[in-house]
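Participant: Here's a structure for you.
Protein chains: 2
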Amino acid sequence: MNHLLPRALNDVIDELGQLPGVGARTAERYAYYLLRAKPTIANKLAGSLERLHTGVKSCPVTFALIDSSMDISPLYSDTSRDKTTIAVVEEPLDIIAIERTGQYQGTYHVLGGAISPIDGVGPEQLHIAELIDRIQNDGVQELIIATNASVEGESTALFLQRHIKEAKVDIKMSRLARGIPVGVDLEYADQITLGHALEGRKEL
Amino acid sequence: MNHLLPRALNDVIDELGQLPGVGARTAERYAYYLLRAKPTIANKLAGSLERLHTGVKSCPVTFALIDSSMDISPLYSDTSRDKTTIAVVEEPLDIIAIERTGQYQGTYHVLGGAISPIDGVGPEQLHIAELIDRIQNDGVQELIIATNASVEGESTALFLQRHIKEAKVDIKMSRLARGIPVGVDLEYADQITLGHALEGRKEL
């Protein structure tokens, strides 16, 4: 709160400052931009923000984000998608990243996070029971575990793998390959990534 | 526009993506944060954005930003501020930067930009005539030209200096010192800054 600025401007700065990674200076820059721009820009954003929570819901099967007016994610209901393959991701936006590759025709399952004892997130907070149900109901044959390459993502992948084996569900499971990202020089790759790249080397 | 995301989420992403320096990925991160957070956060921001343009106006004397309910900037009307000294700045937020130093007791005058032929901004688009009026009405004795250290800021400073001399107004004029910023090593200072630092060296 800066008493030198008009209250209406200050409010916008304070609230934009709550966005992830946005400090006071950045929030000031955003707010001042909106103030100098045509009022329609701020007003359109205001309107969209008001509709954000009412216009979005979770798909009851895949937990992807869908329009409130929809029953089920189009990435699941679409008959051209292969329901016997599921890519398991942490967050809904991860789906977009995989869809951008244009190389995947299966369906998705959003866990809603990763196991993280520090943040109080255990397996029971994730949509794992629903995943087991889907595997049985849809006759799933392959599970691609596409959690993040973080400690939490790795633990979650390991937990899923064990949990599904214990449930005596016999399906193919895989994880996304670890290796050197495209366009990155060897000398800049960290040792763990390089270790994965060696381990997962492809025969020519 | 991403057809894989709910429309309400997409709208927020598109509109946040118009903020300066915010790309698609950053806008996605902001929007997803707002979606996962309590609805009150998005709704409060929406409300503040709606009040932004109606709640803020320009001070008719200093052109600082003030509450719509105010007549004049408190940094001008406050009797403890020295009206015979004016710091001339390009934008309203520059005032905050100077106030943060706690070292200035004069008043301000916002030009509303800097002379920039490329952007079609000439002296007549800036609040220069109003500055000349103030100098005469308030018996101003010192003008601190605090425009930015950019090409446009320098041209504007030069223009102001000449224009005021031509107007036969006899006042002290100064510019903010150029030099090495606090905490920066000599070897990292660019040659122009270092040149200014040499030129403006202080005797001990």
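Those protein sequence lines, which keep their order, are chains A and B.
Residue 183 in the numbering used here is what sits at position 183 of the first sequence, and the numbering runs on without skipping anything.
Residue 1015 in the numbering used here is what sits at position 15 of the second sequence, and the numbering runs on without skipping anything.
A virtual CB, placed ideally from N, CA and C, is assigned to each residue, including glycine.
A quick note: this is a predicted structure, and the numbers were derived from the prediction, not measured.
Does any residue of chain A have a CB that is nearer than 8 Å to the CB of HIS1053 (chain B)?
Facilitator: Yes, HIS1053 (chain B) counts as interfacial toward chain A.
Participant: Residues of chain A with a CB under 9 Å from the CB of GLU1090 (chain B): which are they?
Facilitator: Chain A residues near GLU1090 (chain B): none, gap ~12 Å exceeds 9 Å.
Participant: Taking the DSSP output, what are the residues bridged to TYR108 (chain A)?
Facilitator: A:ALA87.
Participant: Is VAL1151 (chain B) helix, strand or coil when you go by DSSP?
Facilitator: It is helical.
Participant: I believe ILE98 (chain A) touches ALA87 (chain A) by the beta-carbon criterion, under 8 Å. Please report the beta-carbon distance rounded to the nearest angstrom.
Facilitator: Indeed they touch by this definition, with Cβ atoms about 6 Å apart.
Participant: So GLU28 (chain A) is in the beta strand (DSSP E); what residue range does that whole segment cover?
Facilitator: Taken as a continuous stretch (DSSP letters only), GLU28 (chain A) belongs to no beta strand (DSSP E), being part of the alpha helix (DSSP H) at 24-36.
Participant: Among A:VAL110, A:LEU160, A:ASP82, which one has its Cα closest to the Cα of ASP94 (chain A)?
Facilitator: Measuring from the Cα of ASP94 (chain A), the nearest candidate turns out to be A:VAL110.
Participant: Report yes or no: is there a C-beta of chain A within less than 8 Å of the C-beta of ARG1081 (chain B)?
Facilitator: ARG1081 (chain B) does not count as touching chain A.
Participant: When the Cα atoms are used, what is the spatial distance from GLN959 (chain B) to LEU4 (chain A)?
Facilitator: The shown model of chain B, from 1001 to 1204, leaves out residue 959 (chain B), and the question about it has no answer.
Participant: Would the segment 1128-1142 of chain B and the segment 1167-1182 of chain B be scored as touching if the rule is three or more Cβ pairs under 8 Å?
Facilitator: As far as the Cβ criterion goes, the segment 1128-1142 of chain B touches the segment 1167-1182 of chain B, which means the pair count is three or higher.
Participant: Between ARG178 (chain A) and ALA1031 (chain B), what straight-line distance do the alpha-carbon atoms span, to the nearest angstrom?
Facilitator: Between ARG178 (chain A) and ALA1031 (chain B), the C-alpha separation is close to 29 Å.
Participant: In whole angstroms, what separates the C-alpha of PRO1074 (chain B) from that of HIS1053 (chain B)?
Facilitator: Those two C-alpha atoms are separated by around 20 Å.
Participant: Please identify the residue among B:THR1107, B:LEU1045, B:ASN1148 whose C-alpha is closest to the C-alpha of SER1077 (chain B).
Facilitator: If we check each option's Cα against that of SER1077 (chain B), B:THR1107 comes out closest.
Participant: Give, in chain order, every residue of the segment 1030-1041 of chain B whose Cβ lies closer than 7 Å to some Cβ of chain A.
Facilitator: Answer in chain order: TYR1030, TYR1032, TYR1033, LEU1034, LEU1035, PRO1039, ILE1041.
Participant: Straight-line CA distance for GLY1164 (chain B) to ALA27 (chain A)?
Facilitator: Per the sequence shown, residue 1164 (chain B) should be read as Ile rather than Gly. About 36 Å.
Participant: In chain A, which residues lie less than 9 Å from ALA1008 (chain B) when you measure between Cβ atoms?
Facilitator: The contacting residues are SER48, ARG51, LEU52, HIS53, THR54, GLY55, VAL56, ASP67, SER68.
Participant: Could you name the residues of chain B that ILE95 (chain A) contacts, counting a contact when the two beta carbons are closer than 8 Å?
Facilitator: Neighbours of ILE95 (chain A) on chain B, chain order: LEU1004.
Participant: Does chain B have any CB closer than 8 Å to the CB of PRO181 (chain A)?
Facilitator: No, its Cβ sits nowhere closer than 8 Å to a Cβ of chain B.
Participant: Would DSSP call ILE98 (chain A) helix, strand or coil?
Facilitator: The answer is helix: DSSP assigns ILE98 (chain A) an H, G or I state.
Participant: Start and end of the beta strand (DSSP E) containing ILE115 (chain A)?
Facilitator: ILE115 (chain A) -> no beta strand (DSSP E), and no H or E assigned at all.
Participant: What residues in its chain sit with their C-beta under 6 Å from that of TYR104 (chain A), if we drop five residues either side in the sequence?
Facilitator: The answer, listed in chain order, is ILE98.
Participant: Under the assumption that PRO92 (chain A) contacts LEU65 (chain A) (Cβ atoms under 8 Å), give the Cβ distance between them as a whole number of angstroms.
Facilitator: That belief holds up - the Cβ atoms of PRO92 (chain A) and LEU65 (chain A) are roughly 4 Å apart, short of 8 Å.
Participant: If you draw a straight line from the C-alpha of GLU166 (chain A) to the C-alpha of PHE159 (chain A), how long is it?
Facilitator: Distance between the alpha carbons of GLU166 (chain A) and PHE159 (chain A): 10 Å.
Participant: Kindly indicate the opening and closing residues of the beta strand (DSSP E) around VAL56 (chain A).
Facilitator: Here the beta strand (DSSP E) through VAL56 (chain A) covers 56-58.
Participant: Can the beta-carbon of ALA1157 (chain B) be found less than 8 Å from the beta-carbon of ARG1175 (chain B)?
Facilitator: Yes.
Participant: For MET70 (chain A), list the residues DSSP reports as bridge partners.
Facilitator: In the DSSP output, where bridge partners are listed per residue, MET70 (chain A) has none listed.
Participant: Using a Cβ-Cβ cutoff of 8 Å, what residues of the segment 1143-1157 of chain B are near chain A? List them in chain order.
Facilitator: Those residues of the segment 1143-1157 of chain B that come within reach of chain A (Cβ to Cβ, closer than 8 Å) do not exist; the list is empty.
Participant: Using CA coordinates, which residue listed in A:ILE132, A:LYS57, A:GLY47, A:ALA42 is at the minimum distance from ARG1036 (chain B)?
Facilitator: The residue with the shortest Cα to Cα distance from ARG1036 (chain B) is A:LYS57.
Participant: Three-state secondary structure (DSSP) at VAL12 (chain A)?
Facilitator: Helix, per DSSP.
Participant: Is there at least one Cβ from chain B nearer than 8 Å to GLN125 (chain A)'s Cβ?
Facilitator: With 8 Å as the cut-off, GLN125 (chain A) does not count as an interface residue toward chain B.
Participant: DSSP three-state call for MET1001 (chain B): helix, strand or coil?
Facilitator: For MET1001 (chain B), the predicted model reports a pLDDT of 48, less than 50, meaning its position is unreliable; a value from the coordinates is still stated below. Note: MET1001 (chain B) maps to coil in three-state DSSP.
Participant: Count the other CB atoms, across all protein chains shown, that sit within 10 Å of the CB of MET1 (chain A); report buried if there are 16 or more and exposed otherwise.
Facilitator: Any answer about MET1 (chain A) is weak, because its pLDDT of 48 lies below 50 and its placement is not dependable; what the coordinates show is given next. Under this definition MET1 (chain A) is an exposed residue.
Participant: Per DSSP, what kind of secondary structure is LYS264 (chain A) in: helix, strand or coil?
Facilitator: This structure cannot speak to residue 264 (chain A), because chain A is shown only from 1 to 204.
Participant: At the level of alpha carbons, what is the spacing between ALA24 (chain A) and ASP190 (chain A)?
Facilitator: Roughly 33 Å separates the two Cα atoms.
Participant: Would you report the Cα separation of LEU186 (chain A) and GLY195 (chain A), rounded to the nearest angstrom?
Facilitator: Their Cα atoms are separated by approximately 12 Å.
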